Amino acid sequence: MSEALHAAFGIPGAVTIAPGVHGLPQVVLTHPSGAGAAVYLHGAHVTSWTNAAGDELLFVSRESYFAAGRPIRGGIPVIFPQFGGGALPQHGLARTAAWRLLRSGDGPAVTLGLTESADTLAAWPHPFALELDVRLGAATLTLTYTLRNTGAEPFACHAVLHTYFGVGDIRRAALHGLAGTAYLDTLHDRRREVETCPVLRFDQEIDRIYLNAPDTLQLDDEARGLRLTIAKHNMPDVTVWNPWIAKAARTPDFGDDEYLRMLCVETGIMHPQHALAPGDAWTGETVLTCAAAGG
Ligand code: TA6
Numbered sequence: 002m003s004e005a006l007h008a009a010f011g012i013p014g015a016v017t018i019a020p021g022v023h024g025l026p027q028v029v030l031t032h033p034s035g036a037g038a039a040v041y042l043h044g045a046h047v048t049s050w051t052n053a054a055g056d057e058l059l060f061v062s063r064e065s066y067f068a069a070g071r072p073i074r075g076g077i078p079v080i081f082p083q084f085g086g087g088a089l090p091q092h093g094l095a096r097t098a099a100w101r102l103l104r105s106g107d108g109p110a111v112t113l114g115l116t117e118s119a120d121t122l123a124a125w126p127h128p129f130a131l132e133l134d135v136r137l138g139a140a141t142l143t144l145t146y147t148l149r150n151t152g153a154e155p156f157a158c159h160a161v162l163h164t165y166f167g168v169g170d171i172r173r174a175a176l177h178g179l180a181g182t183a184y185l186d187t188l189h190d191r192r193r194e195v196e197t198c199p200v201l202r203f204d205q206e207i208d209r210i211y212l213n214a215p216d217t218l219q220l221d222d223e224a225r226g227l228r229l230t231i232a233k234h235n236m237p238d239v240t241v242w243n244p245w246i247a248k249a250a251r252t253p254d255f256g257d258d259e260y261l262r263m264l265c266v267e268t269g270i271m272h273p274q275h276a277l278a279p280g281d282a283w284t285g286e287t288v289l290t291c292a293a294a295g296g
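Each residue of the sequence shown is one higher than the last, beginning at 2 in this note's numbering.
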């Protein structure tokens, strides 16, 4: 499959389609600066983003599954139509579905698409069309997530980019920008609180859904001397998650020590759901930027 896809969508020096882990087809983006990214058709799952210096900026567990029907642990899971638990499988249907390659371009960039299937309709009775556009710059990764109601009935849904950032040491990471923002504390029955810390640091499990959060956040990876900026557009909410020791240990596709090297800072529509009338569309965008700390 990869060969045919490469023939149709490959761009020399910019876009390559090749077998990835367990032979799953992946799209590899290469920027003239030396920056890189990789996205699997499985779940339209971005699994790698490297800066020009070769630092891997995303986290993927060494225990991750790469298999049909199973979500990849790490990278940027695409969440739709359900965030978290509920009537559907945890985090919905999109992250375990086989997406299609729609377009590729200089930039480099690639667009993947997903529409309803007999399986999705059996679980969630609404036609839909998703697109994820992944665009790589010298110091940026831009994710544009579009959702359209292609059915004759209205529906309501969540839509989230569940980004796992890699950090050198979570105990030397700092997240700026959430002070004063209301959040739901998932660890305490989604009790509503307000963030009082100007800078979040991490020494225990955290799982918070920040509502209508500021559009720009900064994650300092002090251990590696890197500064990541997270800029979101039309994506109101942010979840911050680290499983810490106990939850990491009881998660089969998560190494016991891996909580030390990751932090989820997720962007999208998490609470409440977004209503879409027939024919309506929603587009949200998250731009990730990496600079040297103090740069
Ligand atoms: O990141 C928020 C969250 O909902 C956490 O509660 C945790 O469950 C995490 O997602 C991972 O979920 P997953 O289904 O991928 O194990």
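Each residue gets a CB set at the ideal place from its N, CA and C atoms; glycine is no exception. Note that the structure is a prediction, hence the values are computed from the model and not measured.
For the beta strand (DSSP E) assignment, the uninterrupted runs of no fewer than 3 residues enclosed by the segment 107-162 are, from N- to C-terminal side, 110-116, 129-137, 141-150, 156-162. In the three-state DSSP reduction, residue 22 falls in the helix class (H, G or I). Contact between residue 77 and residue 144 holds: their C-beta atoms lie close to 7 Å from each other, under 8 Å. Contact annotation: the segment 260-273 touches the segment 284-293, with at least three C-beta pairs closer than 8 Å.
As the crow flies, the alpha-carbon of residue 215 is around 43 Å from that of residue 5. No heavy atom of the ligand TA6 is found nearer than 7 Å to the CB of residue 143. If you look at residue 249, you'll find it in the alpha helix (DSSP H) that goes 245-250. The Cβ neighbour count for residue 27, taken over all protein chains shown within 10 Å, is at least 16; the residue is labelled buried.
For residue 234, the uninterrupted beta strand (DSSP E) run begins and ends at 227-234, by DSSP. Boundaries around residue 275 are those of the beta strand (DSSP E), 263-277, since no alpha helix (DSSP H) includes it. Closer than 7 Å to some heavy atom of the ligand TA6: that does not describe the Cβ of residue 83. Boundaries of the alpha helix (DSSP H) harbouring residue 4: 3-10, taken from the DSSP string.
The C-beta of residue 178 has 16 or more other C-beta atoms within 10 Å across all chains shown, which makes the residue buried. Looking at the backbone, the Cα of residue 84 and that of residue 2 are separated by about 31 Å.
Annotation: the continuous beta strand (DSSP E) that includes residue 194 extends over 192-195.
Boundaries cannot be given for residue 34, as no beta strand (DSSP E) includes it and DSSP labels it neither H nor E.
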